[in-house]
Amino acid sequence: MQTAKNAGLDSAGVTWGFRSREVLVKNGAGVLIDHPSQLLRYFVQPETLADAFTGRGFGFSYFQTAKEAVDYLKGVCRGKQAGFGGSMTLEGLGLYDALREGGEVQWHWRGDAPSTAPEVFLTSANALALTGEVVNIDGNCNRAAASMYGSEAVYFVCGVNKLAPNLTSAVSRARNIAAPRNAQRLGKHTPCAADGKCHDCRSPERICRALVVLLAPSNGVKHTEIVLVGEELGY
(Lines of atoms letter the chains of each structure in order from A and count residues from 1; the text may use other names and numbers.)
(Lines give C-alpha, C1' and ligand atoms only; values in the text may rest on other atoms or scores of the structure.)
Protein backbone atom coordinates (compact mmCIF):
# COMPACT_ATOMS: atom_id res chain seq x y z
CA MET A 1 0.00 0.00 0.00
CA GLN A 2 2.81 2.39 0.83
CA THR A 3 4.39 1.68 -2.55
CA ALA A 4 1.11 2.50 -4.29
CA LYS A 5 0.77 5.67 -2.24
CA ASN A 6 4.31 6.75 -3.14
CA ALA A 7 3.49 6.16 -6.80
CA GLY A 8 0.33 8.27 -6.57
CA LEU A 9 -1.96 5.26 -6.97
CA ASP A 10 -5.07 4.33 -4.99
CA SER A 11 -4.93 1.24 -2.81
CA ALA A 12 -7.45 -0.75 -0.79
CA GLY A 13 -7.06 -2.51 2.54
CA VAL A 14 -9.13 -5.51 3.66
CA THR A 15 -10.27 -5.35 7.28
CA TRP A 16 -10.55 -9.09 7.92
CA GLY A 17 -6.77 -9.55 8.06
CA PHE A 18 -4.38 -9.00 10.96
CA ARG A 19 -4.05 -5.22 10.58
CA SER A 20 -6.41 -2.76 12.24
CA ARG A 21 -8.34 -0.17 10.27
CA GLU A 22 -6.14 2.55 11.74
CA VAL A 23 -2.96 0.80 10.62
CA LEU A 24 -4.35 0.23 7.13
CA VAL A 25 -5.17 3.92 6.74
CA LYS A 26 -1.79 4.94 8.16
CA ASN A 27 -0.03 2.68 5.66
CA GLY A 28 -1.81 4.29 2.74
CA ALA A 29 -5.13 2.52 2.21
CA GLY A 30 -7.42 4.92 0.43
CA VAL A 31 -10.38 2.56 0.71
CA LEU A 32 -11.26 0.01 3.40
CA ILE A 33 -12.99 -3.21 2.33
CA ASP A 34 -15.13 -4.81 5.05
CA HIS A 35 -16.59 -7.65 2.96
CA PRO A 36 -15.43 -9.41 -0.22
CA SER A 37 -18.64 -8.37 -2.00
CA GLN A 38 -17.43 -4.75 -1.83
CA LEU A 39 -14.64 -5.64 -4.25
CA LEU A 40 -17.16 -6.12 -7.06
CA ARG A 41 -17.30 -2.43 -7.90
CA TYR A 42 -13.55 -2.39 -8.58
CA PHE A 43 -13.51 -5.36 -10.95
CA VAL A 44 -16.81 -5.12 -12.84
CA GLN A 45 -16.87 -2.78 -15.83
CA PRO A 46 -19.98 -0.67 -16.58
CA GLU A 47 -20.07 -2.22 -20.05
CA THR A 48 -20.45 -5.68 -18.52
CA LEU A 49 -23.32 -4.48 -16.35
CA ALA A 50 -24.95 -2.76 -19.29
CA ASP A 51 -24.91 -6.03 -21.23
CA ALA A 52 -26.47 -7.91 -18.30
CA PHE A 53 -29.37 -5.49 -17.86
CA THR A 54 -30.03 -4.51 -21.47
CA GLY A 55 -29.95 -8.20 -22.36
CA ARG A 56 -33.02 -8.58 -20.15
CA GLY A 57 -34.74 -5.54 -21.67
CA PHE A 58 -33.87 -2.87 -19.10
CA GLY A 59 -32.42 0.49 -20.02
CA PHE A 60 -29.05 1.15 -18.38
CA SER A 61 -27.08 4.30 -17.64
CA TYR A 62 -23.88 4.68 -15.64
CA PHE A 63 -22.55 7.87 -14.07
CA GLN A 64 -19.30 8.21 -12.19
CA THR A 65 -20.65 10.83 -9.79
CA ALA A 66 -23.93 11.57 -8.04
CA LYS A 67 -24.03 15.05 -9.58
CA GLU A 68 -23.91 13.60 -13.09
CA ALA A 69 -26.77 11.25 -12.25
CA VAL A 70 -28.87 14.08 -10.79
CA ASP A 71 -28.29 16.22 -13.88
CA TYR A 72 -29.37 13.31 -16.10
CA LEU A 73 -32.54 12.68 -14.10
CA LYS A 74 -33.40 16.38 -14.12
CA GLY A 75 -33.38 16.19 -17.89
CA VAL A 76 -35.46 13.01 -17.92
CA CYS A 77 -38.12 14.53 -15.64
CA ARG A 78 -38.20 18.07 -17.01
CA GLY A 79 -41.78 19.08 -17.78
CA LYS A 80 -43.18 15.80 -16.43
CA GLN A 81 -44.91 14.72 -13.27
CA ALA A 82 -42.46 12.67 -11.19
CA GLY A 83 -43.20 10.43 -8.23
CA PHE A 84 -40.80 9.04 -5.64
CA GLY A 85 -40.71 5.72 -3.86
CA GLY A 86 -39.29 5.68 -0.34
CA SER A 87 -35.51 5.65 -0.76
CA MET A 88 -32.50 6.73 1.26
CA THR A 89 -30.62 6.87 -2.04
CA LEU A 90 -32.95 9.51 -3.48
CA GLU A 91 -32.89 11.34 -0.15
CA GLY A 92 -29.10 11.38 -0.14
CA LEU A 93 -28.98 12.68 -3.71
CA GLY A 94 -31.22 15.65 -2.85
CA LEU A 95 -33.21 14.69 -5.92
CA TYR A 96 -36.59 15.86 -4.64
CA ASP A 97 -35.49 19.48 -4.29
CA ALA A 98 -33.49 19.31 -7.53
CA LEU A 99 -36.51 18.16 -9.55
CA ARG A 100 -38.93 20.64 -8.01
CA GLU A 101 -37.13 23.38 -9.91
CA GLY A 102 -38.33 22.06 -13.26
CA GLY A 103 -41.57 20.20 -12.73
CA GLU A 104 -44.16 18.64 -10.44
CA VAL A 105 -42.83 16.16 -7.89
CA GLN A 106 -44.74 13.87 -5.53
CA TRP A 107 -43.23 12.11 -2.53
CA HIS A 108 -45.13 10.77 0.46
CA TRP A 109 -42.00 11.28 2.59
CA ARG A 110 -42.54 15.02 2.05
CA GLY A 111 -46.27 14.92 2.74
CA ASP A 112 -47.41 14.76 -0.88
CA ALA A 113 -50.47 12.64 -1.61
CA PRO A 114 -50.57 11.74 -5.33
CA SER A 115 -54.03 11.09 -6.70
CA THR A 116 -52.85 9.49 -9.95
CA ALA A 117 -49.80 7.54 -11.08
CA PRO A 118 -46.99 9.92 -12.09
CA GLU A 119 -45.56 9.91 -15.59
CA VAL A 120 -42.13 9.05 -14.19
CA PHE A 121 -41.53 6.97 -11.06
CA LEU A 122 -38.15 7.16 -9.33
CA THR A 123 -36.99 4.71 -6.71
CA SER A 124 -33.99 2.57 -5.82
CA ALA A 125 -33.32 -1.14 -5.42
CA ASN A 126 -32.12 -3.08 -2.43
CA ALA A 127 -29.80 -5.07 -4.69
CA LEU A 128 -28.73 -5.41 -8.31
CA ALA A 129 -27.45 -8.79 -9.47
CA LEU A 130 -24.60 -8.87 -11.97
CA THR A 131 -26.79 -11.35 -13.85
CA GLY A 132 -29.32 -8.57 -14.53
CA GLU A 133 -32.05 -8.99 -11.89
CA VAL A 134 -33.43 -6.18 -9.71
CA VAL A 135 -34.33 -7.06 -6.10
CA ASN A 136 -36.51 -5.09 -3.71
CA ILE A 137 -38.08 -5.71 -0.31
CA ASP A 138 -41.13 -3.69 0.72
CA GLY A 139 -43.43 -3.32 3.69
CA ASN A 140 -46.47 -1.34 2.54
CA CYS A 141 -45.71 -2.53 -1.00
CA ASN A 142 -46.58 0.82 -2.57
CA ARG A 143 -43.02 1.24 -3.81
CA ALA A 144 -42.84 -2.27 -5.25
CA ALA A 145 -46.24 -1.94 -6.94
CA ALA A 146 -45.43 1.45 -8.46
CA SER A 147 -42.18 0.09 -9.88
CA MET A 148 -44.16 -2.43 -11.94
CA TYR A 149 -47.37 -0.71 -12.98
CA GLY A 150 -48.94 2.69 -13.55
CA SER A 151 -46.18 5.03 -14.74
CA GLU A 152 -44.86 5.46 -18.26
CA ALA A 153 -41.26 5.18 -17.09
CA VAL A 154 -39.52 3.80 -14.00
CA TYR A 155 -35.94 4.57 -12.96
CA PHE A 156 -34.06 2.54 -10.35
CA VAL A 157 -31.29 4.81 -9.03
CA CYS A 158 -28.57 2.81 -7.26
CA GLY A 159 -25.07 3.21 -5.90
CA VAL A 160 -22.39 0.62 -6.60
CA ASN A 161 -22.79 -0.70 -3.06
CA LYS A 162 -26.03 -2.36 -4.24
CA LEU A 163 -24.20 -4.73 -6.60
CA ALA A 164 -24.23 -8.46 -5.89
CA PRO A 165 -22.62 -11.27 -7.92
CA ASN A 166 -25.83 -13.23 -8.62
CA LEU A 167 -29.51 -13.43 -7.76
CA THR A 168 -28.98 -15.50 -4.61
CA SER A 169 -26.47 -12.97 -3.29
CA ALA A 170 -28.75 -10.08 -4.27
CA VAL A 171 -31.65 -11.53 -2.28
CA SER A 172 -29.30 -12.11 0.66
CA ARG A 173 -28.13 -8.51 0.45
CA ALA A 174 -31.69 -7.23 0.47
CA ARG A 175 -32.62 -9.37 3.47
CA ASN A 176 -29.44 -9.12 5.54
CA ILE A 177 -28.12 -5.64 4.79
CA ALA A 178 -30.82 -3.33 3.43
CA ALA A 179 -33.81 -4.56 5.46
CA PRO A 180 -32.06 -4.62 8.87
CA ARG A 181 -30.64 -1.13 8.35
CA ASN A 182 -34.06 0.20 7.37
CA ALA A 183 -35.64 -1.50 10.38
CA GLN A 184 -33.05 0.21 12.59
CA ARG A 185 -33.67 3.56 10.90
CA LEU A 186 -37.41 3.24 11.47
CA GLY A 187 -36.99 2.18 15.11
CA LYS A 188 -38.67 -1.20 14.60
CA HIS A 189 -38.60 -3.82 17.34
CA THR A 190 -37.55 -6.74 15.16
CA PRO A 191 -34.78 -9.33 15.49
CA CYS A 192 -32.97 -7.92 12.45
CA ALA A 193 -32.90 -4.45 13.98
CA ALA A 194 -31.19 -5.95 17.02
CA ASP A 195 -28.49 -8.03 15.36
CA GLY A 196 -28.41 -6.93 11.71
CA LYS A 197 -29.49 -10.16 10.04
CA CYS A 198 -32.76 -11.60 8.77
CA HIS A 199 -34.59 -14.18 10.90
CA ASP A 200 -37.68 -14.41 8.67
CA CYS A 201 -39.49 -13.31 11.83
CA ARG A 202 -43.19 -13.15 12.58
CA SER A 203 -43.00 -9.79 14.32
CA PRO A 204 -45.98 -7.47 13.73
CA GLU A 205 -43.36 -4.77 13.05
CA ARG A 206 -41.71 -6.77 10.28
CA ILE A 207 -40.95 -4.48 7.32
CA CYS A 208 -40.11 -7.14 4.70
CA ARG A 209 -43.65 -8.06 3.63
CA ALA A 210 -42.86 -8.55 -0.05
CA LEU A 211 -39.77 -9.69 -1.90
CA VAL A 212 -39.91 -8.60 -5.53
CA VAL A 213 -37.47 -9.81 -8.17
CA LEU A 214 -37.67 -8.17 -11.58
CA LEU A 215 -36.31 -10.71 -14.04
CA ALA A 216 -37.18 -8.30 -16.85
CA PRO A 217 -39.10 -5.02 -17.10
CA SER A 218 -42.80 -5.18 -16.35
CA ASN A 219 -45.12 -5.14 -19.36
CA GLY A 220 -47.10 -2.53 -17.44
CA VAL A 221 -44.32 0.08 -17.85
CA LYS A 222 -43.12 1.42 -21.20
CA HIS A 223 -39.54 2.10 -20.09
CA THR A 224 -37.65 0.73 -17.08
CA GLU A 225 -34.07 1.86 -16.57
CA ILE A 226 -31.25 1.19 -14.14
CA VAL A 227 -29.28 4.34 -13.28
CA LEU A 228 -26.06 3.21 -11.62
CA VAL A 229 -23.84 5.71 -9.81
CA GLY A 230 -20.18 5.04 -9.10
CA GLU A 231 -20.56 6.00 -5.44
CA GLU A 232 -22.02 4.40 -2.31
CA LEU A 233 -25.63 5.51 -1.90
CA GLY A 234 -28.37 4.38 0.49
CA TYR A 235 -28.60 0.97 2.12
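Start counting the sequence shown at 12; every next residue gets the next number (the numbering used here). Even for Gly, the Cβ is constructed at its ideal location relative to N, Cα and C.
query, result
"Under 8 Å between the Cβ atoms of residue 178 and residue 142?", "yes"
"Give the list of continuous alpha helix (DSSP H) stretches no shorter than 4 residues that lie fully inside the region 85-137.", "99-104 and 106-111"
"Using DSSP bridges, identify the partner residues of residue 140.", "175"
"Could you name the residues of the same chain whose beta carbon sits closer than 8 Å to that of residue 212, not counting the 5 residues immediately before and after it, in chain order?", "201, 202 and 203"
"Classify residue 55 as helix, strand or coil using the three-state DSSP reduction.", "coil"
"Below 8 Å on the Cβ atoms is my contact criterion, and I expect residue 93 with residue 129 to pass it. Report the Cβ-Cβ distance as a whole number of Å.", "6 Å"
"Considering only residues of the same chain and omitting the five flanking positions on each side of residue 199, which have a CB-CB separation below 7 Å?", "216 and 218"
"Between the Cα of residue 109 and the Cα atoms of 233, 37, 79 and 221, which residue gives the shortest distance?", "79"
"Go through its chain and collect everything with a Cβ distance to residue 30's Cβ below 8 Å, but skip five positions before and after it.", "24 and 38"
"Does DSSP put residue 149 in a helix, a strand or coil?", "strand"
"Report the CB separation of residue 167 from residue 238 in whole angstroms; it is logged as a contact under 8 Å.", "7 Å"
"Mapping DSSP to helix, strand and coil, what is residue 35?", "helix"
"Could you give the DSSP three-state label for residue 83: helix, strand or coil?", "helix"
"Going by other Cβ atoms of all chains shown within 10 Å of its Cβ, with 16 needed for buried, is residue 89 buried or exposed?", "exposed"
"Which term fits residue 59, buried or exposed, when burial requires 16 or more other beta carbons within 10 angstroms of its beta carbon?", "exposed"
"How long is the line joining the alpha carbons of residue 214 and residue 63, rounded to whole angstroms?", "37 Å"
"Should residue 134 go down as buried or exposed, given a rule of 16 or more other Cβ atoms within 10 Å for buried?", "buried"
"Measuring only the C-alpha atoms, how far is residue 170 from residue 206?", "24 Å"
"Distance, Cα to Cα, residue 34 vs residue 42?", "13 Å"
"Could you check the C-alpha separation between residue 185 and residue 115 for me, to the nearest Å?", "31 Å"
"Is residue 226 helix, strand or coil by DSSP?", "coil"
"Give the straight-line distance between the Cα atoms of residue 140 and residue 224, rounded to the nearest whole angstrom.", "10 Å"
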